[in-house]
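*Asks:* In terms of numbering that gives the first Met the number 0, the sequence shown has 55 at position 56, counting the first letter as 1, and numbering is strictly consecutive. Just dropping this structure here.
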Amino acid sequence: MSKAQAAKFISLEGIEGVGKSTNMDYLASLLTKYKKDFIRTREPGGTHIAEAIRHILLQTKDEVLLPKTEILLLYAGRYQHVNHVIKPALENNQWVLCDRFLDATLAYQGGGRQQPLASILQLNDWVLGDFKPNYTIILDAPVEVALTRIQKRKNLDRFEKEDISFFTRIRNQYLALAEREPDRFRIVDASQNLHAVHEQLASIMHEIMQTE
Ligand SMILES: Nc1ncnc2c1ncn2[C@@H]1O[C@H](COP(=O)(O)OP(=O)(O)O)[C@@H](O)[C@H]1O
Ligand SMILES: [Mg+2]
């Protein structure tokens, strides 16, 4: 008999409105179809403390949340999340589906807020070491397309209030990250209709199921 496939950690990335939350449901249905035990989680957040940190990150208050504070808070939450949720799940042979992970910090704080990527990577190395997702799926769409989809959202959070140039830098940073690690990243054309996006995701999951 062939060896059982080890549980995989899959993160979903992309700018606001590309369809991450929508497609988490679809990815979960695929894992169910493949009879995989799995958990779904998200960042910022994923534990009580990390969700409290999320609240600080998204709120719009008078006090400016400085770029370095933002990065440190993201990593504080991530350390809780990885150690209390993600690693235990993987050790328990549960797959992990995560709405955003470390690449979001590189893209948003590095690309969007133009903080030095080398410093974020240094912090990442201290906090997470080599730990990273097995696969990272980027839902990619032109910024105008993605932002049009979230126009109906009320009470925009700190990130959703940013402008087109901010999201363009993020999109470009995501694509640059994918170019650097082609084995980990898969890019989905998320400008297409939901059915076409599902087909791309199904084909990626089919490929992942063939690995060890
Ligand atoms: N491929 C698509 N085509 C058209 N609308 C979409 C598509 N994917 C998602 N949407 C819609 O766009 C909006 C934003 O999707 P959402 O999943 O909340 O994005 P995200 O979590 O990436 O910010 C939702 O109203 C969703 O129904
Ligand atoms: Mg979402």
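Note that beta-carbon positions come from the ideal geometry of N, C-alpha and C, so glycine has one too.
#1: Taking C-beta to C-beta, are D36 and N92 nearer than 9 Å?
#2: Identify, in the order they occur along the chain, each residue of the same chain with its Cβ nearer than 6 Å to the Cβ of Q199, setting aside the five sequence neighbours on each side.
#3: How would you label T147, buried or exposed, when you count the other beta carbons within 10 angstroms and need 16 or more for buried?
#4: Using only the heavy atoms of ligand 2, determine whether one of them is closer than 8 Å to the beta carbon of K7.
#5: Taking G13 as the reference, give the member of M208, I203, R179 and V142 with the closest Cα.
#6: With distances taken Cα to Cα, identify the nearest neighbour of F158 among N123, R77 and A106.
#7: At a cut-off of 8 Å, would you count R77 as near ligand 1, judging by its Cβ distance to the nearest heavy atom?
#8: Counting pairs of Cβ atoms below 8 Å between the stretch 39-52 and the stretch 164-174, do you hit three or more?
#9: Of all the beta strand (DSSP E) runs that stay within the bounds of the stretch 14-64, which reach a length of 3 or more residues?
*Replies:* Taking the definition as stated:
#1: D36 is a Cβ neighbour of N92, given a cutoff of 9 Å.
#2: V187
#3: exposed
#4: no
#5: V142
#6: A106
#7: Because no heavy atom of ligand 1 lies under 8 Å away, the Cβ of R77 does not count as near it: no.
#8: Using a Cβ-Cβ distance cut-off of 8 Å, the stretch 39-52 and the stretch 164-174 are not in contact, since fewer than three pairs of beta carbons, one from each stretch, lie closer than that value.
#9: Segments of the beta strand (DSSP E) lying fully in the stretch 14-64: 37-41.
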